[in-house]
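Below you'll find the structure, written out as structure tokens, and then a few comments.
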Amino acid sequence: MNAPPVDPPLLEILDLVKVYHLPRQNLFASASQLRAVDGVSFRVTAGRSFGIVGESGSGKSTLARAAIALEAPTSGEARLLGRAMNLAPRAELRRMRAHMQMIFQDPYGSLDPRQRIERIIAEPLACLDGISRGQSASRVAEALAAVGLGVGDGRKYPHEFSGGQRQRIAIARALITRPKLVVADEPVSALDVSIQAQVLNLMTDLQRQFGVTYLLISHDLAVVEHICDEIAVMYRGRFVETGPSEQLLGSPAHPYTRALIDAAPKLQTARRRAPAPALEGPRTGCAYASRCALVQAKCREEAPELRALADARQAACHFPL
Amino acid sequence: MLLEVANLNIDLPTADGARRIVREASFTLDRGQTLGIVGESGSGKTMTALALMGLLPDGATTSGAIVFEGRDLTRLSEARMQELRGDRIAMIFQEPMTALNPLHSIGRQIAEPLILHRGLSKAAARTQAVKLLERVGLADPARRARAYPHELSGGQRQRAMIAMALSCEPRLVIADEPTTALDVTVQAQILDLIADLGEQSNMALILVSHDLAVIAQNCARVLVMYSGMTMESGRTQDVLARPAHPYTKALLEARPRVSAPRGERLHAIAGAAPSADAMPKGCPFAGRCPLTIEACRLAPPAPVTLRGDHTARCIRIDAAERLA
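Below, the structure written as structure tokens:
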């Protein structure tokens, strides 16, 4: 085992694979597998929030959960500050959890309806050792204040709050251990537009105030661009393009990135035509070949690897745009 | 005029008495026209759509008129309404998985309105169902017709539901968040499909959505609803280019802009919409509006006509224009 590098990245994902076994279709068939995450590597540096964009079934949520050890990878590694989480003993992993927290999509399902807000928010403190009751109470008050709620709100129950307020509570819970990394899986997609802006403003404020770095999972390009410095586009378990947000969205190299940008509804009255519908993916070659407008013979034969392009970008495409 | 809704009020019963969830909705729609209804949760947009279908929850009461092809739907018996539903007016729901019957094949469900309304034989209806599935762009339609809803993907199910809604060539199609559960690339395809089929058969379309961008690209006219009230209405391009109501303006400004500086503060709308059991007697947006004056809280605002059929319910339109 090599000594950890001098300045390890906040989060490093190395060739991560997650395979789910599906139930057999009949008694004599072999059980089929779903490669939800199929060999993904990336690093998140402190202070540069990282966004993962993809459609449902692309594996982005599985990847997010594996990235903070809520899910054990089939192979590969997730390292927090240079330490491999899947190898860490239980007690150490618990302490590591103080550095990483998660915000979920559904502000209704993710808060226990029978617990008071103060107890919900204090829960992650269990992964810190030696926190007294007094310290816990002052941390709760601090977290409530940071998300714009009053101390009195701690005595209430989740049903007394609106969707946007509940998402603030979820954020307060994520902040209480003063984590360096917050994984947010579709944090605003269940909220109304007018409430989304409040929560996004809160997220960027906390970025500045507490130095939080986000790993943000979303299907909404505008939301990801608003928060993240780096973006990865995921398709069928793999990254098809990664790079700094401006370049990736400004001049996408992968046809799928282009299609996602074009398909997002925009506030203009002119109609554009949608890209081709999804077909069953082929076993060989590029997974996107059956939908790609620019497909060539090579694409159906050989799967493209992620390759470095100019301006710190990578794309898995034989014929980048 | 195909559809004329006039002063429609909808009340829902609760333990503490009736709550008015849609107030004085008025709009018209001609053959082949498209109208978008945009609003946040609790704005009354879905209830307005359900009222047109005669599918309001039990105990709901309405006043005002919904005149469709010369008949007031609020006065029709349930039996008469059933004759219209699926034949002259059809609805596409948000979640095809719950709107489709999981126990019946797709083909059988599409054939059902054809047997019921058009008197087709079972065999003829089945053949027609396969044709419809082909028309909505499903590959291998004969096989899809035999499939059950769980065997299709979300996009395919939504296409099947569109086939069902369009089977009798209705004059009015109401689509309630038809693409909210779908991925963006599939969403774009489904919206194209609805628009194309609507144009081909000269159907009128009411598209209900929380997403102003979805409405912008698919509807010639728009109603902006908030807390049961139509805050602004008019041609979509006018409303987007020159929003008159402070709520419409706020809604447009709250979205993250593409290629804006990262972390740029968004114009959030403070607070939350009033709940139905604590509806203020004045303008429902007064509690969140930057232009609120005492008069806003006293009485609900009446519609003010700006240009053409562009109207807004706001007594502070002049101030709002100066602010812009």
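Chains as they are written, first to last, in our numbering: chain U, 998 to 1318; chain F, 734 to 1057.
C-beta atoms are modelled at their ideal positions from N, C-alpha and C, and glycine is treated no differently.
All of these numbers come straight from a predicted model, not from anything done at the bench.
The beta carbons of P1121 of chain U and R1163 of chain U sit no closer together than 7 Å. Annotation: the continuous alpha helix (DSSP H) that includes H850 of chain F extends over 839-851. Near chain U, meaning a CB-to-CB distance below 7 Å, the residues of the segment 999-1012 of chain F are L999, H1000, A1001, I1002, A1005. Taking C-beta separations shorter than 7 Å and ignoring five residues to either side along the sequence, the partners of T1174 of chain U in its chain run A1095, Q1098, P1121, L1122, C1124, L1125, following chain order. Straight through space, the alpha carbons of A1033 of chain U and R1297 of chain U are spaced by roughly 21 Å. The three-state reading of DSSP puts S1242 of chain U in helix, counting H, G and I together.
Annotated as proximal: I1114 of chain U and D1150 of chain U, with beta-carbon spacing under 7 Å. Counting only the Cα atoms, H1216 of chain U lies some 16 Å from S1046 of chain U. When C-beta atoms of the segment 831-850 of chain F are compared with those of the segment 811-819 of chain F, three or more pairs fall below 8 Å, so the two segments count as touching. At a cut-off of 7 Å between beta-carbon atoms, A896 of chain F makes no contact with chain U. Put simply, the segment 1005-1024 of chain U touches the segment 1052-1072 of chain U. At least three CB pairs are less than 8 Å apart. Beta-bridge partners of V947 of chain F (DSSP): none assigned. Rounded to whole angstroms, the Cβ separation of G772 of chain F and M958 of chain F is 4 Å, and the two are in contact under 8 Å. Among the bridge pairs identified by DSSP, H1018 of chain U is matched with U:Q1030. With a contact defined as Cβ atoms closer than 8 Å, M1093 of chain U and R1080 of chain U qualify at about 7 Å. Between the segment 897-906 of chain F and the segment 872-879 of chain F there are fewer than three C-beta pairs closer than 8 Å, too few to call the two in contact. Your pair I770 of chain F and I939 of chain F checks out as a contact, with CB atoms roughly 7 Å apart and the cut at 8 Å. Under the 7 Å criterion on CB atoms, Q933 of chain F is classed as non-interfacial with respect to chain U. At least one beta carbon of chain U lies nearer than 7 Å to the beta carbon of T918 of chain F.
What N1023 of chain U touches in chain F, judged by beta-carbon distance under 7 Å, is nothing: the nearest beta carbon there is about 16 Å away.
Listed in chain order, the beta strand (DSSP E) elements of length 3 or more contained wholly in the segment 1155-1183 of chain U are 1178-1182.
Chain U places a beta carbon closer than 7 Å to that of G996 of chain F, counting this residue as a contact.
One Cα belongs to G1020 of chain F, the other to S1248 of chain U, and the distance between them is close to 42 Å. In the structure shown, N1083 of chain U adopts coil according to DSSP, grouped into three states. A contact is defined here as three or more CB-CB pairs under 8 Å, and the segment 1171-1188 of chain U fails this definition with respect to the segment 983-990 of chain F. Listed in chain order, the positions of the segment 1171-1201 of chain U with a beta carbon within less than 8 Å of a beta carbon of chain F are D1189, V1190, S1191, I1192, Q1193, A1194, Q1195, L1197, N1198, T1201. Ranked by Cα distance from G1234 of chain U, the options U:P1005, U:L1007, U:Y1017, U:E1009 are led by U:Y1017. The beta carbon of V1230 of chain U lies closer than 6 Å to those of V1050, V1237, E1238, T1254 in the same chain, with the five residues before and after it left out. According to the DSSP assignment, I1002 of chain F belongs to no alpha helix (DSSP H), since it is labelled neither H nor E. Q842 of chain F has a beta carbon lying at 7 Å or more from every beta carbon in chain U. For V1221 of chain U, the enclosing alpha helix (DSSP H) begins and ends at 1218-1224.
Counted as a single uninterrupted DSSP element, the alpha helix (DSSP H) harbouring E816 of chain F occupies residues 811-817. Between L1031 of chain U and F1101 of chain U, the alpha-carbon positions lie close to 23 Å from each other. Short of 7 Å from the beta carbon of R1136 of chain U, and not among the five residues preceding or following it, lie these beta carbons of its own chain, in chain order: L1122, I1173.
Distances from the CA of G887 of chain F to each of F:L930, F:V947, F:A914, F:T969 were compared; the closest alpha carbon is that of F:A914.
DSSP, reduced to helix, strand and coil, places I1118 of chain U within a helical segment of the structure shown.
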